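So this note's numbering is basically just the index in the sequence shown, starting at one, shifted up by 744.
We treat Cβ as the ideally placed atom computed from N, Cα and C, and that holds for glycine.
Nothing here was measured: the structure is a model prediction, and the numbers come from that model.
Everything on this sheet refers to the single structure shown next.
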Amino acid sequence: HDKDKDHDEHDEHDEHDEHEGHDHGTHDPHFWLDPSRASLAIDEITTQLSVIDPDSADFYQENATAYKSQLSDLDKQMSSVFEQIPEKDRKLVTSHEALGYLGHKYDFEIVGTVIPSMSTESGPTAIAIAKLVDDLKTEGVKGIFMESGVEEKITKQIAQDANVEVITGLQVEYVLEGETYLQMMTKLSELIVEGLK
Numbered sequence: 745h746d747k748d749k750d751h752d753e754h755d756e757h758d759e760h761d762e763h764e765g766h767d768h769g770t771h772d773p774h775f776w777l778d779p780s781r782a783s784l785a786i787d788e789i790t791t792q793l794s795v796i797d798p799d800s801a802d803f804y805q806e807n808a809t810a811y812k813s814q815l816s817d818l819d820k821q822m823s824s825v826f827e828q829i830p831e832k833d834r835k836l837v838t839s840h841e842a843l844g845y846l847g848h849k850y851d852f853e854i855v856g857t858v859i860p861s862m863s864t865e866s867g868p869t870a871i872a873i874a875k876l877v878d879d880l881k882t883e884g885v886k887g888i889f890m891e892s893g894v895e896e897k898i899t900k901q902i903a904q905d906a907n908v909e910v911i912t913g914l915q916v917e918y919v920l921e922g923e924t925y926l927q928m929m930t931k932l933s934e935l936i937v938e939g940l941k
C-alpha cells in the first residue's frame, strides 16, 4: 500500500474534479455523508458544549470519544461494503448534488445530477437533460439515485431515455424518526451497493 501514491492520486482526482465541476463541498453541504468529516463535527460540538457547560466537559468528551469510535467502525464498514462494487461501476448520478463528500471519500465518480445546483427548486434545462442522458450512456452508469419528491418525473424520463434504472430510497437530508445516523449511513451504503452491483 503506497501512501504517497494514494495521496498523489487523490490530489490528481481533486484537480480533475475542480476542472470538471465535480468539486466536493463548494455546492454540496452534505459533509455528514463522510463519517470522518462527521467525526470532525463531533470534535467541534464537544468543544462548544464544554465551553457552555464546563462542569460536564468530561462527560461530553467521554461520549464524543465513544461515538467517534463508532464512526470509525462505520467508515471501515462502508469501505468494506463498497469494495463489492467493481471500480468501473463506481459512478453516481443523483437527483441533486448530494453525494459529493461520500463519493470523494469512497472513490466514486460523480457523473452528474438531474438538478445541476443545490436548489431543489430549479429544474434542469433541456440542454442539461440531453447532456446527462448522453453522459449516462457513454459512462455506463447503472442508474440514477432518486430522493423522494425531488424532480421525480424528470428523473424517471431521463432514466428511460438513457435506458438505466431509477434507484429509489435515497435518504441523505435528515435522519428518519426512530433511526440513528449510523443506521441511515448503513442503509445508504447498502442502497448504493444494490444499485451499482
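When Cβ pairs closer than 8 Å are counted between the two stretches, the segment 832 to 842 is seen not to touch the segment 803 to 811, the count staying below three. Under the 10 Å beta carbon count, D778 is surrounded by 16 or more other beta carbons and is classified as buried. For A872, same chain residues with a beta-carbon under 8 Å away, outside a window of 5 residues either side, are P860 in chain order.
Burial of K849 is indicated by the presence of at least 16 other C-beta atoms within 10 angstroms of its C-beta. Boundaries of the beta strand (DSSP E) harbouring K835: 835 to 838, taken from the DSSP string. With contacts defined as CB atoms closer than 8 Å, G887 and G922 fail to qualify as a contacting pair. In terms of CA proximity to V916, Y925 leads the group V908, Y925, V910. The closest CA to that of E788, considering only D799, H774, L818, Y804, is found on Y804. For K875, the closest of A906, G847, I796 by C-alpha to C-alpha distance is A906.
Less than 8 Å divides the Cβ of K835 from the Cβ of V885. Shown here, T899 sits in a helix according to DSSP, grouped into three states. Secondary structure of F852 (DSSP, three-state): coil. In the three-state reduction of the DSSP assignment, I911 falls in the strand class. Around the CB of Y845, 16 or more other CB atoms lie within 10 Å, so the residue is classed as buried.
The C-alpha of I902 is placed about 30 Å away from the C-alpha of Q927.
Judged by DSSP secondary structure, G887 falls within the beta strand (DSSP E) whose first and last residues are 887 to 890. With a contact defined as Cβ atoms closer than 8 Å, E827 and V855 miss out at about 20 Å.
Between the alpha carbons of K941 and K881 lies a distance of about 17 Å.
Within the same chain, Cβ atoms closer than 6 Å to the Cβ of T857 are found at T838, H840, E841, the five residues on either side in sequence being excluded.
Take Y918, set aside five residues on each side of it, and no residue of its chain has a beta-carbon closer than 7 Å to its own.
One Cα belongs to M890, the other to P798, and the distance between them is close to 44 Å.
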